[in-house]
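J.:
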Amino acid sequence: MKRPGLIGVSLFLFLATAWPAAQQPQTAPQTPPAQTPAQAPAQPRLTFRVDTNYIEVDAVVTDSKGAFVRSLTQNDFELFEDGKPQEIGTFGLVDIPLERDDKPLFAKSPIEPDVATNEKDFEGRIYVLVLDANHVPAQDSFMVKKTALEFINRYLGANDVAAVVHAQTTAMDFNQEFTNSRPRLRLAVDKFAGEKLGSRALAVQDQAIQRADAGRAGIDPRDAKDPNATERAARANATIDTMEKVSSRMSGLRGRRKAVILISEGLDFNLDDNLGAGVMPASSSDGVPRDPIASNSFNEAYHASGIVERMQSMYEAASRSNVAIYTVDPRGVASELDTLIRATGMPDSFPIQMGSVTAGVREELRRQIGTLRSFAEVTGGLAVVGTNDFATGFKKIVDDNSAYYVLGYRPTQPKADGKFHNINVRLKRPGLQVRARRGYYARKDAATLATAPAVDPAIELINSPMAVGGLGMRTTLTMEKGTDAKVRVQPTLEIAGQLLAKALAADVETTGNRVDIAFVAIDQLGKVAASGRKSMDLAVKPESRKAIAEHGLRLVTEFELMPGKYQFRIGAHEPSGNGGSVFTDLDVPDFSRGAIVVAPVTLMSARAGRTPTSIDAAGLPKVLPGPPTAARVFSLDDTLAIYTDVYDNDLDRPHRVDIDAIVRGDDGTVAFKVSEQRDSKDADKARGGYNFLAKIPLQDLRPGRYVLTVQAKSRIGDAAEKPVAKDVEFAIK
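To convert, count from 1 in the sequence shown and add 433; that's our numbering.
1. Going by Cα to Cα distance, which pick from G872, R800, S684 and F611 is closest to P844?
2. Three Cβ pairs or more, each shorter than 8 Å: is that satisfied between the region 998 to 1016 and the region 1089 to 1097?
3. Look at the alpha carbon of T908 and the alpha carbon of T925, and state the distance between them as a whole number of angstroms.
4. Go to T672, then tell me how far its beta strand (DSSP E) extends in each direction, as first and last residue.
5. Which residue or residues does DSSP assign as beta-bridge partners of P1061?
6. Determine the direct distance from the alpha carbon of F702 to that of F501, and round the result to whole angstroms.
7. Per DSSP, which one or two residues make a beta bridge with H1006?
8. Excluding five sequence neighbours on each side, which residues of the same chain lie with their C-beta closer than 8 Å to the C-beta of L582?
9. Is M744 helix, strand or coil by DSSP?
10. Does the structure place the region 605 to 612 close enough to the region 572 to 590 that three or more beta carbon pairs sit under 8 Å?
11. Considering only residues of the same chain and omitting the five flanking positions on each side of P537, which have a CB-CB separation below 6 Å?
12. Check each candidate in V490, T990 and A692 and name the one with the smallest Cα separation from L562.
13. Please list the segments of the beta strand (DSSP E) lying wholly inside the region 604 to 640, counting only runs of 3 or more residues, in order along the chain.
14. E810 by DSSP, collapsed to three states: which one?
15. Note down, in chain order, each residue of its chain lying with its Cβ closer than 8 Å to the Cβ of S542, except the 5 sequence neighbours on either side.
16. Excluding the 5 residues flanking A963 on each side, which residues of the same chain have their C-beta closer than 6 Å to its C-beta?
17. According to DSSP, is E1109 part of a helix, a strand, or is it coil?
18. Give the DSSP-derived three-state secondary structure of Q957 in the structure shown.
19. Between G739 and A666, how many whole angstroms is the CB-CB distance? I'm expecting something under 8 Å.
20. Just verifying my parser: in three-state terms, what is the DSSP assignment at R587?
21. Taking only three categories from DSSP, how would you classify L1131?
22. Quick one: give me the first and last residue of the alpha helix (DSSP H) that R896 is part of.
23. Between which two residues does the alpha helix (DSSP H) containing D833 stretch?
24. Which of the three DSSP states, helix, strand or coil, is assigned to G720?
25. Just reading off the alpha helix (DSSP H) that S1047 is part of, what are its end residues?
26. Please look up how many angstroms separate the CB atoms of G910 and V922, rounded, as I've assumed it's under 8 Å.
27. In whole angstroms, what is the alpha-carbon distance linking D491 and L505?
28. Starting from the C-beta of P996, find all residues in its chain whose C-beta is less than 7 Å away, skip the five residues before and the five after it, and write them out in chain order.
29. From N834, E893 and R633, pick the residue whose C-alpha is nearest to that of R868; which is it?
30. Pairs of beta-carbons, one from the region 1121 to 1132 and one from the region 1070 to 1079, closer than 8 Å: are there three or more?
31. Between which two residues does the alpha helix (DSSP H) carrying H984 extend?
32. Measure the CB-CB distance between A1005 and I928 and report whether it falls below 7 Å.
33. Let me know if E1069 comes out buried or exposed under the rule of 16 or more other beta-carbons within 10 Å of its beta-carbon.
34. Can you name, in chain order, every residue of its own chain whose Cβ lies under 6 Å from the Cβ of G1101, other than the five neighbours on each side?
35. Below 6 Å CB to CB, which residues in the same chain sit around F952 once its five sequence neighbours on both sides are set aside?
36. If contacts are defined as beta-carbon pairs under 8 Å, then V761 and G826 qualify, I think. What distance do you get, rounded to the angstrom?
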């Protein structure tokens, strides 16, 4: 990523002590909202760092009955590398509960959060679903979708994160970065479309028939080879490369098992016959092309050698990253007859008289399932193949990634030889069994990595595959129409003040008392769509330092994007070494589509105005009575203000627009409502609609959880369109 230029930002206090008058609300009778559920015990804070010489081993310990044992200490373990004892430098028990969605009682589904934070330790499992379009035919696409959605809907906990990656030969914007948003994961799965080539066995049979018809003397039709070997090999390599890249990408995540769930029918290439390293001649010495059958025979063996080498490289990447690959065959209990019918479209009653074809399909199926088993066995995962009982397999995947010990060490004699090094984990307590990975592949480039130039810490934070804890932060994003067809995105970042103590304590004459911030928006192809870097100078007056220490620090900035789906990442670092980052999903709407479009809602409060704020968004102070806030928990003695833009794309016809702000308690009871009606003739033509600002005095409410809904609907004559709404969940303490 190109490093953005350094932008100095002046700091000032933006105190929102006066609020504009708002229309009197209609207050409904109160009922006490349901109590928020108790939080699960927090796991120890996990620090995700990259260390070339650091080896991490997950160990599952069970008793004689197969039950996981949770009472062990570091002294109960012994660890050996290549037969030599190693000192365990890092030890911990990971015991992750499966949390279910916590939604308001009246809502059919959870409210998608509009704030992302790293203030709470990550307490979930890490999954990457790889959907293998290269090895699933188009007519079987629905089976892949059904299988992936079953895992997402039934086995993904509310505290887990998952990503969706499509393995295909062409780059498409179908992937989904790590998220815990089921709607986004389901959307990524729904875009799946299989692209598998036709059956190898049938292709070979067709060529044999063609050769027999041609009557070529001296050549047995049974010697026919796959005419699509080159393309088939390219698809196999594309899938393997995808899994290798996914595994390598997660090398920087420490303290958690990482599970790659490959949903595939398996590689459909004959890997039994490979030549090893070699060169495939294309023609004879006189320039005349070789016999196609002989070339295809060499072609398959040559490509098989390359695929085997790619698989070895993928295994090495998974080993270094401590990634387990779980494979799932969406066909369930597959048979050669089922495969033949799907491949040819023949009805069940069609007489099968081509014995050689049936045998070839049977062998093809064996090889496909064999590759799925190999991927899982070599990396310590599980192959869910030859069964229609996906539930048992999925439960096993969840169990494998829920309870285990993490042992970390640095080898006493690290070697950058690229070779496999055995790991042996033993227990001092009798009667227990331990399962751990058998070893790892050392890097060949460790020396080069050790001498690599230092990376900008703020940039490194946003280049991590997942958000990093440490410096507590939270962010929310609002949007409005930008230039041309673009949308102006306005992130609000808030940093906990108590964690800036070292920076605040620095001598005001030095350059150490600052916070460096970097942000980036990444599209679904993994490309940078927007980025920026800010530096907030903390060399301020004593009263401002005191305010920062008590209330934290806030930055509001802006950039422009085209409508689409992105992941927004923002990281902050202060020179004493403290840093953190927050990642969040970003859906940028097209404000010109639809009769009425409601922009994301901006929240402000009187108490939030006490936080020292830097605003690098020119238009916001003109429309907002105070700084935006990413807080979603407020006090009873506070006053909340809300703002949004309502875009009206039907201004050519006279009409009215109803705009409502409704606050509901956990049980659905309306606790607050304010309504306005706007006339299209009064719309702000330059902005394309109306701005909506309302005040909510929290003193009239009770402690508990609430959902704010801002909705708008257009009325043309007496007809009213369906309301368009935005929901924001918040709480009062």
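Idealized CB from N, CA, C, for every residue including glycine.
T.: Inspection of the coordinates gives the following:
1. Locating residue 844 in the sequence shown gives position 411, counting from the first residue. The option with the nearest alpha carbon to P844 is G872.
2. They do not touch, by the three-pair rule.
3. If you number the sequence shown from 1, residue 908 lands on position 475. If you number the sequence shown from 1, residue 925 lands on position 492. The alpha-carbon atoms of T908 and T925 are separated by roughly 5 Å.
4. Locating residue 672 in the sequence shown gives position 239, counting from the first residue. First-last for T672: A662 to R682, but that is the alpha helix (DSSP H), not the beta strand (DSSP E).
5. Locating residue 1061 in the sequence shown gives position 628, where the first residue counts as 1. BP columns for P1061 are empty, so no partner.
6. As a position in the sequence shown, residue 501 is number 68, starting the count at 1. As a position in the sequence shown, residue 702 is number 269, starting the count at 1. Their backbone Cα atoms lie some 39 Å apart in a straight line.
7. In the sequence shown, the residue the question calls residue 1006 occupies position 573. D949 and G1012.
8. Your numbering for residue 582 matches position 149 in the sequence shown. Same-chain partners within the cutoff: R619 and V622.
9. Taking the sequence shown and counting its residues from 1, the one referred to as residue 744 is at position 311. The answer is helix: DSSP assigns M744 an H, G or I state.
10. With the cut-off at 8 Å, the region 572 to 590 and the region 605 to 612 do not touch.
11. Mapped onto the sequence shown, residue 537 falls at position 104. Excluding positions up to five away in sequence, the list reads D1099 and V1140.
12. Position 129 of the sequence shown, counting from 1, holds the residue named residue 562. Closest in C-alpha terms to L562, from the list V490, T990 and A692, comes A692.
13. DSSP runs (the beta strand (DSSP E)) wholly in the region 604 to 640: 609 to 612.
14. Mapped onto the sequence shown, residue 810 falls at position 377. The answer is helix: DSSP assigns E810 an H, G or I state.
15. Taking the first residue of the sequence shown as 1, we reach residue 542 at position 109. If the five residues before and after S542 are omitted, its C-beta is found closer than 8 Å to the C-beta atoms of D534 and K536, all from its own chain and listed in chain order.
16. One-based indexing of the sequence shown puts residue 963 at position 530. So the qualifying residues of the chain are A954, F992 and L994.
17. Taking the sequence shown and counting its residues from 1, one reaches residue 1109 at position 676. Note: E1109 maps to strand in three-state DSSP.
18. Locating residue 957 in the sequence shown gives position 524, where the first residue counts as 1. Secondary structure of Q957 (DSSP, three-state): coil.
19. Along the sequence shown, one-based indexing puts residue 739 at 306. Along the sequence shown, one-based indexing puts residue 666 at 233. Distance from G739 to A666 at the Cβ level is roughly 7 Å; contact confirmed, criterion being Cβ atoms closer than 8 Å.
20. Translated into the one-based positions of the sequence shown, residue 587 becomes position 154. Correct three-state label for R587: helix.
21. Translated into the one-based positions of the sequence shown, residue 1131 becomes position 698. DSSP places L1131 in the helix class (H, G or I) of the three-state scheme.
22. Working through the sequence shown from its first residue, we reach residue 896 at position 463. As written in the sequence, residue 896 is Asn, which differs from the Arg given in the question. Counting along the chain, the unbroken alpha helix (DSSP H) around N896 starts and ends at P890 to N896.
23. In the sequence shown, the residue the question calls residue 833 occupies position 400. First-last of the alpha helix (DSSP H) with D833: F823 to D833.
24. If you number the sequence shown from 1, residue 720 lands on position 287. Here G720 scores only 45 on pLDDT, less than 50, and its place in the model should not be relied on; the value that follows carries that caveat. In the three-state scheme derived from DSSP, where H, G and I count as helix and E and B as strand, G720 is classed as coil.
25. Counting from 1 along the sequence shown, the entry for residue 1047 is found at position 614. Element bounds for S1047: not the alpha helix (DSSP H) but the beta strand (DSSP E), P1045 to I1048.
26. Residue 910 sits at position 477 when you count from the first residue of the sequence shown. Residue 922 sits at position 489 when you count from the first residue of the sequence shown. Correcting the residue identity first, residue 910 is Leu in this sequence and not Gly. With 8 Å as the limit, L910 and V922 qualify as a contact, their Cβ atoms being about 6 Å apart.
27. Here residue 491 refers to the residue found at position 58 of the sequence shown. Here residue 505 refers to the residue found at position 72 of the sequence shown. The alpha-carbon atoms of D491 and L505 are separated by roughly 14 Å.
28. As a position in the sequence shown, residue 996 is number 563, starting the count at 1. Hits under 7 Å: V920, V1021, P1022 and D1023.
29. Here the question's residue 868 lines up with position 435 in the sequence shown. It is N834.
30. Contact between the region 1121 to 1132 and the region 1070 to 1079 is present: 3 or more CB-CB pairs across the two stretches fall below 8 Å.
31. By 1-based counting over the sequence shown, the position of residue 984 is 551. From DSSP, the alpha helix (DSSP H) with H984 extends over P975 to H984.
32. Along the sequence shown, one-based indexing puts residue 1005 at 572. Along the sequence shown, one-based indexing puts residue 928 at 495. I928 is positioned such that its CB atom lies closer than 7 Å to that of A1005.
33. As a working mapping, residue 1069 is identified with position 636 in the sequence shown. The question names Glu, but residue 1069 in the sequence shown is Leu. Its Cβ having fewer than 16 others within 10 Å, L1069 is exposed.
34. Position 668 of the sequence shown holds residue 1101. Counting only Cβ-Cβ distances below 6 Å, and skipping sequence neighbours, we find F539.
35. Translated into positions along the sequence shown, residue 952 becomes position 519. Result list for F952: G965 and I1003, in chain order.
36. The residue given as residue 761 occupies position 328 in the sequence shown. The residue given as residue 826 occupies position 393 in the sequence shown. Correct: roughly 7 Å between the Cβ atoms.
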